[in-house]
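Q: First the structure, then my questions, so here it is.
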Amino acid sequence: MSHAHAYGAPSPTEPLVPLQIDRREVGPSDVLLDIRFCGICHSDIHHCRGEWGRVPYPDVPGHEIAGVVSAVGENVTKHVVGDRVGVGCMVNSCRECENCQKGDEQYCLPGNTQTYGSVDRDGTVTRGGYSTHVVVDEDFVVRIPDGMALDVAAPLLCAGITTYSPLRHWGAGPGTAVAIVGLGGLGHMAVKIAKALGAEVTVLSQSLRKQDDGLRLGADDLFATSDPQTFDKLAGRFDLIINTVSAELDISAFLRLLRTDGALVNVGAPAEPLPVAVFPLLLQRRTFAGSAIGSIRETQEMLDFCAEHGIAAEIEVIPAAEINQAWERVLASDVRYRFVIDTSTLGD
Ligand code: NAP
Ligand code: ZN
Ligand code: ZN
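Position one of the sequence shown corresponds to residue 694 (my numbering), numbered consecutively onward.
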C-alpha cells in the first residue's frame, strides 16, 4: 500500500478538500502511474454531488488521467517504466461477458469498474485522478502518442473518446452533416474530431457568445438555440446530432433538425429523464440513442487519430487550489474548453 495526495468531496454538499488516500500494492498485472495532469469532466461534478445515486464518500473524482509509468508488475507486457500513458473512465471489467469478449468492455454486462466511486476487484473503492498517483491493471492503460503533450492529451481520455465513439459508430464523415449541441469539454472535442473525419459541422450553442471559438475550432457554422428561428432555419438539416448538454433539453425540438433516418445521440448525462415526443421520431424514422465512452481499443485508436490529425484539447491548466472555482465555471458554461489540474500542486 502507498499513500497519494488527492482532492476530494467529503459529502455531496461540501467543496472539495485536500486528502491523503491509499493506493494498493502494484500487483503482477498492474502499472503504477505518476499522474501529471487530470482533466475536469462535468461527470466529476454530477458524481461528487450525488446526482447519479449513492456515492462512497469521500469521493475523489477524475477520469482524464495522463502520466508516466513509474513501476510495473512482474507479468506486465504492455507498458514499461517511463512510458507516457493515460487512464480514462474505467479501470477494469468482468472480461467474460459477451461485450467484454468482443472488446466492448465499456458495455460490460455486469458493469465495468469505474475509475472512481466503484468497488474494485479487491473490494476497495476506486479513487480517481485528482491525485498524485494511481495503480491500474495494464489492460486499462493506453499509450499517449509521441509528440502529444500530456496536459492537452488528458481530456481525450474522456471528452475525446466519448465523442469519437458515436461519431464513428454513426458514420460521421465526408458528405454527412453533423451538429454538436453544447460547446463545452465534450462539445469542443466533438467539433474537432467530426471536422477531422470530414463531416460538415454545426455547433448549436445557447447563445452566440462562443461563435468565434466555434469557428476557430473547425465548425462551419454556429447557431444560438435561444433564437427560435434557429429551429425553423435548420429543420431537417442533419444526419447526426451529438447532444453533449449536461442539463435537461427539449429533445423533441432537436429531433426535428434531423433528416429522414437521422440519429440524435445523447452523451450528456443529466440525472433527470428527458421527455421525448414520439411524432418527430416516427414521422421521419429518426433515432434517439445514447452512447457511453468507448472501448480501450477504440480509445487507443482515438489517441492515434488525434495525433495524426494534430488535434488535442483546448485547456486551462490550474493548480489544485483552484478546483472548486473551476467547477463553478464549468457549471456556468464558462469553460474554455477543459480545465486540467496540474497534479504536482496537490501536495502544496
Ligand atoms: P461541460 O464542459 O459543462 O459542457 C456542457 C455544455 O452544455 C456547456 O458548455 C454549454 O454549452 C451546454 N449547456 C450547459 N447547460 C446547459 C443548459 N441548461 N441548456 C443548454 N445547454 C447547456 O460538460 P462536459 O464535461 O462536456 O460534459 C457534458 C455532459 O456529458 C455531462 O452531463 C457529463 O456528465 C456527460 N458525459 C457523458 C459521458 C458518456 O460516456 N456518455 C462521458 C463524459 C461526460 P454552450 O455554452 O455552448 O451552450
Ligand atoms: Zn468524463
Ligand atoms: Zn464484461
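For glycine and all other residues, C-beta sits at the position ideal for the given N, C-alpha and C.
Computed from a predicted model, the values in this text were never measured in an experiment.
Assign Leu-731 to one of three DSSP states: helix, strand, or coil.
A: Within the sequence shown, numbered from 1, the residue matching residue 731 stands at position 38. The amino acid occupying residue 731 in the given sequence is Cys; Leu does not appear at that position. The answer is strand: DSSP assigns Cys-731 an E or B state.
Q: Suppose only complete runs of 4+ residues qualify. What are the alpha helix (DSSP H) ranges in the stretch 751-794, listed by chain order?
A: DSSP runs (the alpha helix (DSSP H)) wholly in the stretch 751-794: 791-794.
Q: What are the partner residues of Asp-1035, as DSSP defines its beta bridges?
A: Sequence index remark: in the sequence shown, residue 1035 carries index 342 (1-based). Paired residue(s): Phe-730.
Q: Report the rounded CA-to-CA distance for Val-719 versus Val-769, giving the unit in angstroms.
A: Numbered from its first residue, the sequence shown carries residue 719 at position 26. Numbered from its first residue, the sequence shown carries residue 769 at position 76. C-alpha separation (whole angstroms): 11 Å.
Q: Please identify the residue among Ala-759, His-740, Ala-985, Gly-760 whose C-alpha is closest to the C-alpha of Pro-751.
A: Numbered from 1 along the sequence shown, position 58 holds the residue referred to as residue 751. The shortest C-alpha separation from Pro-751 is found at His-740.
Q: What's the C-alpha gap between Gly-992 and Leu-850?
A: The residue given as residue 992 occupies position 299 in the sequence shown. The residue given as residue 850 occupies position 157 in the sequence shown. In the sequence under discussion, the amino acid at residue 992 is Thr, which differs from the Gly named in the question. Answer to the nearest angstrom: the Cα atoms are 7 Å apart.
Q: With a cut-off of 5 Å, give the chain-ordered residues whose Cβ is closer than this to any heavy atom of ligand 2.
A: Qualifying residues, in the order they occur: Cys-734, Ser-736, Cys-851.
Q: CA-CA distance, Pro-966 and Gly-766?
A: Numbered from its first residue, the sequence shown carries residue 966 at position 273. Numbered from its first residue, the sequence shown carries residue 766 at position 73. Going by the C-alpha atoms only, they are around 44 Å apart.
Q: Which residues does DSSP pair with Ala-699 in a beta bridge?
A: Position 6 of the sequence shown, counting from 1, holds the residue named residue 699. Looking at the DSSP assignment, Ala-699 forms a beta bridge with Leu-712, Ser-824.
Q: For Ala-788, is the beta carbon positioned less than 8 Å from some heavy atom of ligand 3?
A: Counting from one through the sequence shown, the residue named residue 788 turns up at place 95. Sequence check: residue 788 is Arg here, not Ala. Yes, since a heavy atom of ligand 3 falls inside the 8 Å radius drawn around the Cβ of Arg-788.
Q: Can Ala-1005 and Val-845 be called in contact, C-beta distance under 9 Å?
A: Walking along the sequence shown from the start, residue 1005 turns up at place 312. Walking along the sequence shown from the start, residue 845 turns up at place 152. Their beta carbons are under 9 Å apart, which means Ala-1005 touches Val-845 by this criterion.
Q: Just to confirm, does Tyr-857 get its C-beta within under 8 Å of one of the non-hydrogen atoms of ligand 1?
A: Looking up residue 857 in the sequence shown gives position 164. False, no ligand heavy atom lies under 8 Å from that Cβ.
Q: Give me whichever residues DSSP pairs with Gln-807 in a beta bridge.
A: The residue given as residue 807 occupies position 114 in the sequence shown. According to DSSP, which records beta bridges pairwise, Gln-807 is partnered with Met-783.
Q: Are the stretch 876-886 and the stretch 902-912 in contact at 8 Å, needing three or more beta carbon pairs?
A: These segments touch.
Q: If you draw a straight line from the alpha carbon of Ala-940 to that of Lys-885, how long is it in whole angstroms?
A: Position 247 of the sequence shown, counted from the first residue, corresponds to residue 940. Position 192 of the sequence shown, counted from the first residue, corresponds to residue 885. Going from the Cα of Ala-940 to the Cα of Lys-885 covers about 22 Å.
Q: So is the beta-carbon of Gly-878 under 8 Å away from any non-hydrogen atom of ligand 1?
A: Reading the sequence shown from its first residue, position 185 is the one you call residue 878. True, at least one ligand heavy atom lies under 8 Å from that Cβ.
Q: Less than 6 Å between C-beta atoms, sequence neighbours within five positions excluded: which residues of the same chain meet that for Ala-852?
A: Walking along the sequence shown from the start, residue 852 turns up at place 159. Excluding residues within five positions, the ones whose Cβ falls inside 6 Å are Gly-878, Leu-879, Met-882.
Q: How about Thr-808 and Gly-746: are their beta carbons less than 9 Å apart?
A: Taking the sequence shown and counting its residues from 1, the one referred to as residue 808 is at position 115. Taking the sequence shown and counting its residues from 1, the one referred to as residue 746 is at position 53. Contact flag unset, no.
Q: Are the Cβ atoms of Ala-985 and Tyr-800 separated by less than 9 Å?
A: Counted from its first residue, the sequence shown places residue 985 at position 292. Counted from its first residue, the sequence shown places residue 800 at position 107. It is a contact, given that the beta carbons lie within the stated cut-off.
Q: Just to confirm the assignment: which complete beta strand (DSSP E) runs, minimum length 3, are found wholly within the stretch 902-939?
A: Whole beta strand (DSSP E) segments, 3+ residues: 914-917, 931-936.
Q: For the alpha helix (DSSP H) containing Phe-833, name the first residue and the last one.
A: Your numbering for residue 833 matches position 140 in the sequence shown. Neither: Phe-833 is in no alpha helix (DSSP H) and is coded neither H nor E.
Q: Assuming contact is defined by CB atoms lying nearer than 9 Å, are Asn-785 and Asp-830 in contact in what I supplied?
A: Position 92 of the sequence shown, counted from the first residue, corresponds to residue 785. Position 137 of the sequence shown, counted from the first residue, corresponds to residue 830. A contact, by the Cβ cut-off of 9 Å.
Q: Which residues in the same chain have their Cβ closer than 8 Å to the Cβ of Ala-964, if we skip the five residues on either side of it in sequence?
A: Sequence index remark: in the sequence shown, residue 964 carries index 271 (1-based). Excluding positions up to five away in sequence, the list reads His-739, Glu-744, Trp-745.
Q: For Phe-972, count neighbouring Cβ atoms within 10 angstroms of its own Cβ and tell me buried if that reaches 16, exposed if not.
A: One-based indexing of the sequence shown puts residue 972 at position 279. Phe-972 is exposed by the Cβ-count criterion.
Q: Can you list, in chain order, the residues of its chain whose CB lies under 6 Å from that of Val-1033, leaving out five sequence neighbours each side?
A: Start at 1 with the first residue of the sequence shown, and residue 1033 comes out as number 340. Phe-730, Gly-732, Asp-844, Ala-847, Ile-1008, Val-1010, listed in sequence order.
Q: Taking the alpha-carbon of Gly-840 as reference, which of Arg-1022, Leu-974, Val-938, Arg-777 has the nearest alpha-carbon?
A: Within the sequence shown, the letter at position 147 stands for residue 840. Answer by Cα proximity: Arg-777.
Q: Smallest Cα separation from Thr-980: which of Arg-990, Ala-956, Cys-999, Glu-1001?
A: Position 287 of the sequence shown, counting from 1, holds the residue named residue 980. Ranking Arg-990, Ala-956, Cys-999, Glu-1001 by Cα distance to Thr-980 puts Ala-956 first.
Q: Quick check: is any heavy atom of ligand 3 less than 8 Å from the C-beta of Glu-991?
A: Counting from 1 along the sequence shown, the entry for residue 991 is found at position 298. For ligand 3, not one heavy atom lies less than 8 Å from the Cβ of Glu-991.
Q: Give me the Cβ distance between Val-871 and Phe-931, rounded to the nearest whole Å; I'm assuming they're in contact under 8 Å.
A: In the sequence shown, counting from the first residue as 1, residue 871 sits at position 178. In the sequence shown, counting from the first residue as 1, residue 931 sits at position 238. Going by Cβ atoms, the distance from Val-871 to Phe-931 rounds to 6 Å, so yes, they are a contact pair.
Q: Is DSSP giving Leu-967 helix, strand or coil here?
A: Working through the sequence shown from its first residue, we reach residue 967 at position 274. In the structure shown, Leu-967 sits in coil (DSSP, three-state: anything other than H, G, I, E or B).
Q: Mind checking which residues open and close the beta strand (DSSP E) that includes Ser-898?
A: As a working mapping, residue 898 is identified with position 205 in the sequence shown. Start and end: 893-898.
Q: State the Cα-Cα distance for the pair Arg-952 and Ile-873, rounded to the nearest angstrom.
A: In the sequence shown, the residue the question calls residue 952 occupies position 259. In the sequence shown, the residue the question calls residue 873 occupies position 180. Their backbone Cα atoms lie some 15 Å apart in a straight line.
Q: Report yes if the C-beta of Cys-801 is less than 8 Å from at least one heavy atom of ligand 3; otherwise report no.
A: Position 108 of the sequence shown, counting from 1, holds the residue named residue 801. Yes - ligand 3 has a heavy atom lying nearer than 8 Å to the Cβ of Cys-801.
Q: Between which two residues does the alpha helix (DSSP H) holding Ile-944 run?
A: If you number the sequence shown from 1, residue 944 lands on position 251. From DSSP, the alpha helix (DSSP H) with Ile-944 extends over 944-948.
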